[in-house]
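Below: one structure, written as structure tokens.
In my numbering, the protein residues as written are 76 to 350.
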């Protein structure tokens, strides 16, 4: 592809090297982004129309080891013998270290900060998994979280249990539970604040959200699922009108009315609101 001509009259153009890899892209405003590549074809730098450059560095195994941003600040990366990310050092000197099990699943995350006085605060998180790799527990200094699933791998519950330190920090016990229908759609969400209920139409569009106090937020659609009204127990919250391409052009929310317009590319070109 050398050129794209858009309905609004603008064009995009591309140049390539002998291997068919993109070297430059010029957008509809005439702004050009250029890519420099290594002998292996990997991006070594990217320069935007303002001349700002991002650089990329690799090791002999062609793994990204450093990313130098436009401000000349460096992100660095290290890997284990299985090519998994083992360490990341960010521009603010936050170091993150990753440990994995034999199945390649993350089992531990160590985060080491860098304070104003060169102190090195640490935070450690452990991840426990079942035989098929699903997360069943997440443990840190403040609390542990446990996760339960059904035979279809759908999440059934999340329970939080604070540690002694967590209780001092105000972390509380909490449990969330979920139920599903035969199509795997969420039908109930049980929280300490109450239960949320979900109902769907044959196309799996959400039609009714039942709040903990029993009130219902109804969603009305037309066609294959284009939302045109929200109401709370038949009291209109919002009405939407759409054009022939099903793009929203008009919306009411109480006393607020919003209108939207689009350009030849289908992008939102303008909007205004009135009360």
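For glycine and all other residues, C-beta sits at the position ideal for the given N, C-alpha and C. Keep in mind it's a predicted model, so treat the numbers as computed, not measured.
Terminal residues of the alpha helix (DSSP H) in which residue i lies
i           : result
residue 239 : 239-243
Where residue i falls: helix, strand or coil (DSSP)
i           : result
residue 118 : strand
residue 293 : strand
residue 94  : coil
residue 87  : strand
residue 157 : coil
residue 141 : strand
residue 283 : strand
residue 320 : coil
residue 218 : strand
residue 125 : coil
residue 343 : strand
Residues bridged to residue i (per DSSP)
i           : result
residue 164 : 151 and 170
residue 269 : 266
residue 333 : 326 and 348
residue 189 : Per DSSP, none; premise fails for residue 189.
residue 223 : 232
residue 184 : 173 and 200
residue 194 : Answer by DSSP bridge pairing: none, since residue 194 is not bridged.
residue 247 : Bridge partners of residue 247: none, in fact.
residue 261 : 255
Where the beta strand (DSSP E) containing residue i begins and where it ends
i           : result
residue 301 : 301-307
residue 257 : Premise fails: residue 257 is in no beta strand (DSSP E) and is neither H nor E.
residue 80  : 78-80
residue 214 : 210-214
residue 313 : 310-317
residue 203 : 197-204
residue 132 : 128-133
residue 110 : 107-112
CA nearest to the CA of residue i, picked from the options
i           : options               : result
residue 187 : 324, 205, 164 and 174 : 164
residue 222 : 202, 331, 87 and 152  : 202
residue 252 : 242, 272, 91 and 155  : 272
residue 197 : 170, 209 and 179      : 170
residue 318 : 336, 138 and 288      : 336
residue 180 : 270, 205 and 190      : 205
residue 81  : 103, 291, 90 and 316  : 103
residue 87  : 93, 95 and 99         : 99
residue 157 : 168, 149 and 177      : 177
residue 266 : 200, 258 and 288      : 288
residue 94  : 85, 108 and 114       : 114
Expected contact under 8 Å - CB spacing of residue i and residue j to nearest Å
i           : j           : result
residue 314 : residue 303 : 7 Å
residue 278 : residue 309 : With 8 Å as the limit, residue 278 and residue 309 do not qualify as a contact, their Cβ atoms being about 22 Å apart.
residue 296 : residue 280 : 5 Å
residue 137 : residue 160 : At roughly 14 Å, the Cβ-Cβ gap does not stay under 8 Å, so residue 137 and residue 160 are not in contact.
residue 182 : residue 189 : Actually they are not in contact, since the Cβ atoms of residue 182 and residue 189 sit about 25 Å apart, beyond 8 Å.
residue 119 : residue 129 : 10 Å between Cβ atoms; not a contact.
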